[in-house]
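Heads up: the sequence shown begins at 2 in the numbering used here, then just goes up one per residue.
Positions of the beta carbon are idealized from the N, C-alpha and C atoms, including for glycine.
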Amino acid sequence: MSEKDDSLLSADELAAIEDMVASGQLDSDIFNANVEAESFAIARNEESLGGSSTAIFQINERFHRFFRNRLLTELDYNPRMAVAEPELMKYDEYIHSVHSPASINITEMSPLKGETLFIIHPQVIFSCLDNWYGGQARPLTITEERGFTSNENAIIDSLCDLIFQSMREAWAPYVEIDIRPINRDINPLFANIAADDESVVVNRFALKLSDESVDPYIDVVYTYQSLNLQR
2 MSEKDDSLLS ADELAAIEDM VASGQLDSDI FNANVEAESF AIARNEESLG
52 GSSTAIFQIN ERFHRFFRNR LLTELDYNPR MAVAEPELMK YDEYIHSVHS
102 PASINITEMS PLKGETLFII HPQVIFSCLD NWYGGQARPL TITEERGFTS
152 NENAIIDSLC DLIFQSMREA WAPYVEIDIR PINRDINPLF ANIAADDESV
202 VVNRFALKLS DESVDPYIDV VYTYQSLNLQ R
């Protein structure tokens, strides 16, 4: 430490302050004494989509456009469908909100790390099939034990092809992706792409039917870590 006197106040100034305190001329109120301090952990790392949210939404907009065009061209189906807003959720919370049966498609989507889910609500499949055979899209009550018929599985194959093609185009301005199917099931609890307490980014493309008692959708689910590493 330097031996030089680095005092901010001179001896005369300090003496003057002592005299003011002794005489009561110096206001004794303490500045900010009653302000509550907010605790802050310097090392904390809160999960947030941040700037990625805009990019994901743009990808969703592109997917929405490409996929609807392909549905009309390939399956002669033109549903009303909303653009998905990316939502950050815990995997356990999300996967328990999906009911069986549904078309649960697990894929690798390189160069993203980990696995990606493409989930098709059963009513989307039934509506496509009805429309293909010239009927009206109508809700169908099903039980958890019910599987998909051969015709319904053929529709699922076609839908997945259209979804994967559209997703590749949607991502193209950012990165060239390759989608490789790994497994397909009807029970969402068999889809273990993340630990229960891990975060996932859910993108729900909701379809609208004339019967509003049913809310069909197509979900695209990324692990948070895969998108975080891709930034």
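Check, Outcome
"Local conformation of alanine 17 per DSSP, three classes", "helix"
"For alanine 195, the nearest candidate out of Phe119, Ile96, Ser214 and Glu170 (CA to CA)", "Ile96"
"CB of serine 214 within 8 Å of CB of phenylalanine 68, strictly", "no"
"Leucine 210 beta carbon less than 8 Å from that of tyrosine 218", "no"
"Nearest-angstrom Cα separation, counted from valine 201 out to phenylalanine 165", "19 Å"
"Neighbour-count burial assignment, aspartate 179, 16 or more Cβ in a 10 Å radius", "exposed"
"Limits of the unbroken alpha helix (DSSP H) element including asparagine 61", "53-76"
"Counterpart residues of threonine 224 in DSSP-defined beta bridges", "Val201"
"Nearest-angstrom Cβ-Cβ length linking asparagine 106 and proline 182, presumed shorter than 8 Å", "6 Å"
"Residue span of the beta strand (DSSP E) that contains isoleucine 107, given as start and end", "104-111"
"CA nearest to the CA of arginine 205, picked from Ser53, Gly115 and Ile57", "Ile57"
"Which of helix, strand or coil DSSP assigns to aspartate 158", "helix"
"C-beta contact flag for proline 87 and leucine 50 at 8 Å", "yes"
"Three-state class that DSSP yields for serine 40 in the structure shown", "Its pLDDT being 46, under 50, serine 40 is placed unreliably by the model, and nothing is read from it."
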